[in-house]
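Data block below; observations after.
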Amino acid sequence: MSALGPLATRMGDNTLILGHRLSEWCGQAPALEEDIALANTALDLIGQTQMWLGLAAEIAGEGKTADDLAMRRDVWDFRNLLLVERPNVDFAYTTTRQFLFDRWHLPMLDALSRSSEPRVAAIAAKAVKEATYHAERSAELVVALGDGTAESHDRMQAALDALWPYTGEMFIGDDIDAELASEGIAPAPESLRDGWEEAVRTFLADATLSVPDSDFAHRGGRSGARHSEHLGHLLTQMQWLQRAYPDATW
Amino acid sequence: MSNHASHPYPGTKTPEGAPRREWPLWEVFIRGQHGLSHRHVGSLHAADATMAMKNARDVYTRRHEGTSIWVVPSSAVTASSPSAKGPMYEPADSKPYRHPTFFDIPDDVGAM
Numbered sequence: 223m224s225a226l227g228p229l230a231t232r233m234g235d236n237t238l239i240l241g242h243r244l245s246e247w248c249g250q251a252p253a254l255e256e257d258i259a260l261a262n263t264a265l266d267l268i269g270q271t272q273m274w275l276g277l278a279a280e281i282a283g284e285g286k287t288a289d290d291l292a293m294r295r296d297v298w299d300f301r302n303l304l305l306v307e308r309p310n311v312d313f314a315y316t317t318t319r320q321f322l323f324d325r326w327h328l329p330m331l332d333a334l335s336r337s338s339e340p341r342v343a344a345i346a347a348k349a350v351k352e353a354t355y356h357a358e359r360s361a362e363l364v365v366a367l368g369d370g371t372a373e374s375h376d377r378m379q380a381a382l383d384a385l386w387p388y389t390g391e392m393f394i395g396d397d398i399d400a401e402l403a404s405e406g407i408a409p410a411p412e413s414l415r416d417g418w419e420e421a422v423r424t425f426l427a428d429a430t431l432s433v434p435d436s437d438f439a440h441r442g443g444r445s446g447a448r449h450s451e452h453l454g455h456l457l458t459q460m461q462w463l464q465r466a467y468p469d470a471t472w
Numbered sequence: 221m222s223n224h225a226s227h228p229y230p231g232t233k234t235p236e237g238a239p240r241r242e243w244p245l246w247e248v249f250i251r252g253q254h255g256l257s258h259r260h261v262g263s264l265h266a267a268d269a270t271m272a273m274k275n276a277r278d279v280y281t282r283r284h285e286g287t288s289i290w291v292v293p294s295s296a297v298t299a300s301s302p303s304a305k306g307p308m309y310e311p312a313d314s315k316p317y318r319h320p321t322f323f324d325i326p327d328d329v330g331a332m
C-alpha cells in the first residue's frame, strides 16, 4: 500500500492550497455575505487538509504531523493540481476555479467514501457533505454571473478560457493511481471525466458560457514535476511564520 | 431601508452609468432547536430567495445555531412607527393588573 501516502498528500495539498487561496479574499470580497461564505469554504477545506495530511503524516512516520507537511515542505514536494494554485485574479476567476474543482472534488470524495481503505473512507465521508454544499454554491454563482450582466459574462468567459487548460490534469492517471484503483482504494482519475464533463457543460450552458474548444492540459502539479511560479509566492506567505520563527508556539 | 445610502459604492464607475444598486435586503429567522419558535437573528443582502437562504446559512449558522431557516424580504415587513409609541405602548404602563402576578404558583410547576 505504498500509494496510500501519495493519495493522502494529493488530496490534502489540493484542499490546503485552494483553502489558502480562498482565505486571501478574507476582508476583501465584493460583499460581506460572499466574504463570509468564502471564508467558510476556506475553513472547510483547511479542516479537510488536517485529516488528509494527518493521514499522510501518520503513514510517513518519524513523528511527523500535518503541520510539518503543510508548513515545512517546499514547492517541489507539493502534489496539488495546478488548477488550485492559480491566482485569484478577480471574483470571476475565483468562482470559476472553485466550480471546476468542486465538480471534480465531489464525485472524487463520493467514490473515496466507498474506499477499501477504512481511513480514506472515513475522511471522505466527512468531507463529502461539505463538498456537496461547495459544489451547489459555486455552480449557482457560475450561472448567476455567466448569465448576468455583459460585464460579468465577459469576465466569466475570460476566466473559463484561462482556466480550462488546467482541468485536464484532474483526469490523467499515473502508476500511483493505477495501484490505488487496482486495490479499490481510489477511483481511476480517467473514470471521473465523463461525469465531470457532463455536469460542467450543463451548468456552463445555463450560464450562457461557451466551453473552450481545446483539450490541451497543463500538467505537473500532482506529480510535483512542474508547479507554476504562483505556488512559490503562495508558500512564502503561508509558511512565513515557520520559516522566520521555526518551532514558534503561542 | 432608509438607513442605506442611495449609492452604496461612492466614487465607483458603473457600466451603464446607472447608479449601482445593492441587492435587496432580507430578514433572517432561525429556529435553534426543535420545539422552539423561529427567532429573528438579523438581516442580509441577496439577489433572490435561494441566494438569501445560502447566505443566511453561511452568515448565521456557522456555529451550529440552527435547525431551520426562514428568509423574508424586508420590504414585506410592516413595522410600527417610532413616533406612535405614546398611543401604541404607554397606555399599558399603568395596568399592572394585566400581568398575572397575583397568583401563587405551586413550586412543583417549575418555570413558567
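Protein sequence lines, in the order shown, are assigned to chains S and H. First residue of the first sequence? That's 223 in my numbering, and the numbers climb one at a time after it. First residue of the second sequence? That's 221 in my numbering, and the numbers climb one at a time after it. All residues carry an ideal CB built from backbone N, CA and C; glycine is no exception.
Next on the checklist: Please identify, using Cβ separations under 8 Å, the residues of the region 286-297 of chain H that lie next to chain S, in order along the chain.
Outcome noted: none
Item to check | Distance CB(Leu431/S)-CB(Met378/S) smaller than 8 Å | outcome: yes
Next on the checklist: Below 7 Å on C-beta distance, what does Val279/H contact in chain S?
Outcome noted: Glu255 and Ile258
Checklist entry - With C-beta atoms as the reference, is Trp243/H less than 8 Å away from Ala266/H? => result yes
Item to check | Delimiting residues of the beta strand (DSSP E) encompassing Trp290/H | outcome: Ser288 to Pro293
Next on the checklist: Counting only beta-carbon separations shorter than 8 Å, does Ala304/H have a partner in chain C?
Outcome noted: Absence of chain C from the displayed structure is noted, the protein chains being S and H.
Next on the checklist: Just checking: is the beta-carbon of His284/H within a distance shorter than 8 Å of some beta-carbon in chain S?
Outcome noted: no
Next on the checklist: Less than 8 Å between CB atoms is the rule here; does Leu264/H satisfy it with respect to chain S?
Outcome noted: yes
Checklist entry - Roughly how many angstroms separate the alpha carbons of Thr371/S and Ser300/H, rounded to a whole number? => result 38 Å
Item to check | Cβ contact (3+ pairs, closer than 8 Å) linking the region 223-239 of chain S and the region 300-308 of chain S | outcome: yes
Item to check | Alpha-carbon spacing of Asp396/S relative to Val297/S, whole angstroms | outcome: 20 Å
Checklist entry - Mind checking Leu254/S: buried by the 16 CB within 10 Å criterion, or exposed? => result exposed
Next on the checklist: Please report the straight-line C-alpha distance between Ala408/S and Leu402/S, rounded to a whole angstrom.
Outcome noted: 5 Å
Next on the checklist: Pop quiz: Val339/S and Leu226/S are said to be a contact at Cβ under 8 Å. What is the actual Cβ separation, rounded to whole angstroms?
Outcome noted: What sits at residue 339/S in the sequence shown is Glu, not Val. Yes, Glu339/S and Leu226/S are in contact; Cβ-Cβ is about 6 Å, under 8 Å.
Checklist entry - Ser226/H: buried (16+ other C-beta within 10 angstroms of its C-beta) or exposed? => result Bear in mind that the predicted position of Ser226/H carries a pLDDT of just 43, short of 50, making it too unreliable to give a figure here.
Next on the checklist: Let's see if you can read the secondary structure: which residues bound the alpha helix (DSSP H) around Arg341/S?
Outcome noted: Pro340 to Gly368
Next on the checklist: With the cut-off set at 8 Å, would you say Thr281/H and Ile250/H are in Cβ contact?
Outcome noted: yes
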